[in-house]
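In terms of this note's numbering, the sequence shown opens at residue 236 and continues consecutively.
Where a beta carbon is used, it is the ideal one built from N, C-alpha and C, also for glycine.
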Amino acid sequence: MKKLIVYYSRANENYTSDGIVNLEKGNTEIVAEHIKKYTDYDIFKIEQEVEYSSNYYICGEQAKADKEKNARPKLKHYLQSIDNYDEFILCYPNFWGTLPMAVFTFLEAYDFTGKTIRPLCTHEGSGLGVSVEDIKATCPSSIVKDGLAVQGSRAEFYFDKIYVWLDKSN
């Protein structure tokens, strides 16, 4: 069976310890692509049909409103099937203490029964939040492993920890 890196990431204005910075590529995407280089896993990017604003503050309000409505934004692309995969590295930024709502859309679109999910959350100080618990609640028949929290703006300093985390259950 195969393994798949599934990630949601956001470029443009992002919050960092240095304030708001404009990113060509989101921190979560950088981490997911780095894992892809290190492994032979396939990779899939979760993208919303209607993207959030490139402005950090407006994006935050849009994401908060979606969370409050328990929205499930439509995605640009879906996988035909996840049947050939037995393990998923699920990479996402912490949005309001949990997963971005588009990640819930992805998880609810498939049957993860018996499949392993390994959560990796990028953040700027809020860690995993309740995201691991939310994954377990959304995919109750899956095997959810310990999550890893990575400070997004300092992701390159976490690569060794990511390798250890990946190797832990291989």
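Below 8 angstroms, how does it come out for the stretch 340-356 and the stretch 311-318: are there three or more Cβ pairs, yes or no?
yes
Give me, in chain order, the residues of the same chain whose beta-carbon lies closer than 7 angstroms to that of tyrosine 313; leave out the 5 immediate sequence neighbours on both sides.
Ala344
Let me check understanding here. Comparing Cα to Cα, which of Phe323, Lys280, Ile255 and Thr340 lies closest to asparagine 305?
Thr340
Under three-state DSSP, which class holds aspartate 321?
strand
State yes or no: is the C-beta of phenylalanine 262 within less than 8 angstroms of the C-beta of serine 289?
Per the sequence presented here, residue 262 reads as asparagine, with phenylalanine not at that position. Cβ atoms of asparagine 262 and serine 289: not closer than 8 angstroms.
Suppose contacts are defined by Cβ-Cβ distances below 8 angstroms. Is glutamine 297 in contact with alanine 337 by that definition?
no
Taking only beta-carbon atoms, is threonine 373 less than 8 angstroms away from chain C?
Absent here is chain C; the protein component of the structure consists of one chain.
Taking the DSSP output, what are the residues bridged to glutamine 283?
Leu310
Mapping the DSSP letters down to three states, classify alanine 372 as helix, strand or coil.
helix
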